[in-house]
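Trainee: Here's a structure for you.
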Ligand code: CTP
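In structure tokens, the structure reads:
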């Protein structure tokens, strides 16, 4: 039987952090578990992995395989902001076969970084924000223009609106909207309970399919 060729995965993990001053930042509760588990699994299966991650714990990084072979197939870049993650993702994209965009990229960054620590004495301080680059959307544009065989998989954490079935429908509709808007092949939709947990309920929606299917699994699975 012909051996499956090894693939190159670009996997993003963890939150991004957008600095406001030397001690304060905007971020989110993502831990990086899903991305690290995905990287571990891809390495275990003999694939090449480009791992780009925001600030995540040393403990989690220790889960990456330690064999010489795996170390050689792993190219790891630690970043802080969405801008840095964007640049790291676009570098070397030509050799990538599959993108797993598990990172929780902060959507907003402070309009201005203050080199001096902001003082609390200012009454009713207003912090102006600017949008960060939508990394996955730009990867979707790259796929459309230059690399049609690139497989793009995104994730969407949705709270949805309404109750019960209506809530689930709205979560799925939102995930579908992102799948189309960002030119993805598939999207995994989960809910805030998944953050930091070892397992999650994902609804996986592939391009062109109407119904998503439910996967209740550990992040490793
Ligand atoms: N994503 C990204 N760059 C951003 C924001 C999100 O690459 N600036 C990626 C995430 O890694 C995820 C997918 O896009 O794989 C969906 O992210 P999500 O935050 O759910 O969607 P948004 O595009 O931010 O949309 P909204 O704020 O409307 O929910």
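Numbering (my numbering), first residue to last: 9 to 229.
Even glycine gets a Cβ: it sits at the ideal position worked out from N, Cα and C.
Could you check where the alpha helix (DSSP H) with residue 176 kicks off and where it finishes?
Mentor: From DSSP, the alpha helix (DSSP H) with residue 176 extends over 172-189.
Trainee: Just verifying my parser: in three-state terms, what is the DSSP assignment at residue 143?
Mentor: Residue 143 falls in the helix class under three-state DSSP.
Trainee: Can you confirm whether the region 51-65 touches the region 22-35 when touching is taken to mean that 3 or more C-beta pairs between the two stretches lie within less than 8 Å?
Mentor: Yes: the two stretches touch, three or more of their Cβ pairs being nearer than 8 Å.
Trainee: To the nearest angstrom, report how far apart residue 178 and residue 202 are at their CA atoms.
Mentor: Distance between the alpha carbons of residue 178 and residue 202: 18 Å.
Trainee: Who are residue 59's beta bridge partners in DSSP?
Mentor: DSSP lists 19, 84 as partners of residue 59.
Trainee: Got a sec, what are the start and stop residues for the beta strand (DSSP E) residue 160 sits in?
Mentor: Here the beta strand (DSSP E) through residue 160 covers 159-165.
Trainee: Leaving aside the five residues before and after residue 222 along the sequence, list all residues of the same chain whose C-beta is less than 6 Å from its C-beta, in chain order.
Mentor: 211.
Trainee: How many whole angstroms separate the CB atoms of residue 68 and residue 82, which I take to be in contact at a CB cut-off of 8 Å?
Mentor: That pair is no contact at about 14 Å.
Trainee: Starting from residue 90 and walking both ways along the beta strand (DSSP E), at which residues does that stretch end?
Mentor: First-last for residue 90: 90-98, but that is the alpha helix (DSSP H), not the beta strand (DSSP E).
Trainee: Looking at the ligand CTP, does it come within less than 7 Å of residue 164, judged from the CB to the closest heavy atom?
Mentor: Yes.
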